[in-house]
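In the working numbering, the protein residues as written are 8 to 216.
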């Protein structure tokens, strides 16, 4: 895996998203204005519902991964056969919208197991920095503070396309860049060496060596 020295100044912004058209448009506009890239993890349900929005993400050269078919899918308790079908259905929706199949999928740090790895047949992406923007009471300033204080380099940062996250995004990007961080997609962060069956949370983690 990439050495810590080489990639320590790169981090990846990753968005779990339901592809709300207006919110996604705002995120893409900010990324374009800041001349930076991120990685989006839409659900298959969202890809079916908002194919044009997903196509815009792809056209903007942002990276796209698989997040399972529905946000509340308990992938850690599914049978391997059911999960394979779930991911295939999501892949189909993403491919129909973008013309490309996702090479990696989103998992939480504590739910990965052999069945998920076997069913997915692709790299598994979790995170090392939680912005906590899933909290209903969180404000944009707190989201920015959480990310800036917890980022040390090589991190995968968890975000959503939520209103307070969108408010935080310009300052969050500016402050990361002011600290010398390059904002990369997931494939770029891991130097396009994502391997099936492997879980990734931070570049140069010991268990990736």
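Built from N, CA and C at the ideal position, the CB exists for glycine as well.
Asked, Found
"With DSSP as the reference, please indicate the residues paired to residue 73 in a beta bridge.", "112"
"Indicate whether residue 207 and residue 131 have their beta-carbon atoms separated by less than 8 Å.", "yes"
"Rounded C-beta distance between residue 194 and residue 70? I'm assuming under 8 Å.", "6 Å"
"Quick check on DSSP: helix, strand or coil for residue 168?", "coil"
"Jot down the residue ranges of each uninterrupted alpha helix (DSSP H) in the segment 25-75, minimum 4 residues, whole runs only, in chain order.", "28-40, 51-56, 58-66"
"Report the rounded CA-to-CA distance for residue 128 versus residue 201, giving the unit in angstroms.", "11 Å"
"How close, in whole Å, do the beta carbons of residue 35 and residue 190 come, if the pair is a contact with beta carbons under 8 Å?", "Between residue 190 and residue 35 the Cβ distance is about 14 Å, and since that is not below 8 Å, they are no contact."
"Would you kindly work out how many angstroms separate the C-alpha atoms of residue 51 and residue 28, rounded to a whole number?", "15 Å"
"How about the segment 141-149 and the segment 107-124: do they share at least three Cβ pairs that are nearer than 8 Å?", "no"
"Just mark residue 196 as buried or exposed, buried being the case when its beta carbon has 16 or more other beta carbons within 10 Å.", "buried"
"Excluding sequence positions up to five away, which residues of its chain have a Cβ less than 6 Å from the Cβ of residue 162?", "18, 135, 136, 209"
"Which class does residue 120 belong to by DSSP, given the choice of helix, strand or coil?", "coil"
"Can you grab the Cα-Cα spacing for the pair residue 75 / residue 167, in whole Å?", "16 Å"
"Do you know whose CA, among 33, 30, 83, 48, lies nearest residue 108's CA?", "48"
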